[in-house]
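**Q** Numbering (my numbering), first residue to last: 21 to 282. The beta carbon of each residue, even a glycine, is placed where N, CA and C say it ideally should be. Dropping the structure in here first, questions after.
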């Protein structure tokens, strides 16, 4: 919906009018302005004409006209005939001070009206090209990917060996999550050392293979982070036997005294 007074398009609701005028009020103003004379910018359409052109009932049109008059956006003068009978009202749109467009000149046939400094720029310049916005979004996505590369997690050598060993298990859950496993691995190190965790994993893998070779049902290994979180490594290694074996290997051999019968 638009009208074009003095060559200045009024094709959209200006910013200054937002919250001050409703669409149905704008429709009535548009209809009245379309009937305005070139010189005085006044007209006297009937309520029936206004209602029909604005696609609303006569009662609604009357109500909106009263609203516009009370808001100071429309002037209305009651007309009377020679015999005193009431005629069509005379209307003039007075919304220009809010729309940021020059008021229509009375001398329309004279010089062309120069836009006021506060006049709005043509609407086609208000919106930036969509292509430029898309380019900025693409650059943002590239920056995000680059940031993810730079923030790649650094894993310890012990965990990397543990992770590779876990991946050699044939019967395990799919969709392994390495970052989560790394987080749980660091928590497990508070209770067990890395050597114990690796030995426990190898023991669990051997037990699974042995069960399958004997025709039994071997449980599927969960995600690595669940295996660590649930402390599935506990009880897989006989620590007492391991400690004795390590002590025996580390103990120096005693020399047998000469002449001893044993």
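Taking buried to mean at least 16 other C-beta atoms within 10 Å of its own C-beta, is residue 63 buried or exposed?
**A** For the purposes of this step, residue 63 is taken as residue 43 along the chain shown, with counting starting at 1. Looking at its Cβ environment, which holds 16 or more other Cβ atoms inside 10 Å, residue 63 is buried.
**Q** Going by C-alpha to C-alpha distance, which of 212, 183 and 210 sits closest to residue 200?
**A** For the purposes of this step, residue 200 is taken as residue 180 along the chain shown, with counting starting at 1. Of the listed residues, the one whose Cα sits closest to residue 200 is 183.
**Q** Would you kindly check if the distance between the Cβ of residue 249 and the Cβ of residue 177 is under 8 Å?
**A** For the purposes of this step, residue 177 is taken as the residue at position 157 of the chain shown. For the purposes of this step, residue 249 is taken as the residue at position 229 of the chain shown. No, these two residues do not count as a Cβ contact at 8 Å.
**Q** At which residues does the alpha helix (DSSP H) containing residue 111 begin and terminate?
**A** By one-based count along the chain shown, residue 111 stands at place 91. Premise fails: residue 111 lies in the beta strand (DSSP E), 110-113, not in any alpha helix (DSSP H).
**Q** On the three-state DSSP scale, how would you describe residue 88?
**A** Within the chain shown, numbered from 1, the residue matching residue 88 stands at position 68. Reduced to three states, the DSSP call for residue 88 is helix.
**Q** Give the C-beta separation of residue 185 and residue 221 to the nearest angstrom, bearing in mind that I take them to be a contact with Cβ-Cβ under 8 Å.
**A** Your numbering for residue 185 matches position 165 in the chain shown. Your numbering for residue 221 matches position 201 in the chain shown. Right, their Cβ atoms sit about 6 Å apart.
**Q** Kindly indicate which three-state DSSP category residue 178 falls into: helix, strand or coil?
**A** In the chain shown, residue 178 corresponds to position 158, counting from 1. Three-state DSSP puts residue 178 in a helix.
**Q** In the structure shown, what three-state DSSP assignment does residue 212 receive?
**A** Translated into the one-based positions of the chain shown, residue 212 becomes position 192. Coil, per DSSP.
**Q** With a 10 Å radius around its C-beta and 16 neighbouring C-beta atoms as the bar for buried, classify residue 71 as buried or exposed.
**A** Your numbering for residue 71 matches position 51 in the chain shown. When all chains shown are included, residue 71 counts as buried.
**Q** What does DSSP give as the partner residue(s) for residue 100 in the beta ladder?
**A** One-based indexing of the chain shown puts residue 100 at position 80. Per DSSP, 106.
**Q** Who are the near neighbours of residue 57 in its chain, counting only those whose CB is closer than 8 Å to its CB and skipping five residues on each side?
**A** Indexing the chain shown from 1 puts residue 57 at position 37. Once the five neighbours on either side are set aside, the close Cβ partners of residue 57 are 63.
**Q** For residue 41, count neighbouring C-beta atoms within 10 Å of its own C-beta (all shown protein chains included) and say buried if the count is 16 or more, exposed if not.
**A** Numbered from 1 along the chain shown, position 21 holds the residue referred to as residue 41. Classification of residue 41: buried, given that the 10 Å Cβ count is 16 or more.
**Q** On the three-state DSSP scale, how would you describe residue 241?
**A** Stepping through the chain shown from its first residue, residue 241 is reached at position 221. Residue 241: strand per DSSP, three-state reduction.
**Q** Classify residue 192 as helix, strand or coil using the three-state DSSP reduction.
**A** The residue you call residue 192 lines up with position 172 of the chain shown. Strand.
**Q** Given that a residue counts as buried once 16 or more other Cβ atoms are within 10 Å of its Cβ, and exposed if not, what is residue 237?
**A** As a position in the chain shown, residue 237 is number 217, starting the count at 1. By the 10 Å Cβ count, residue 237 comes out exposed.
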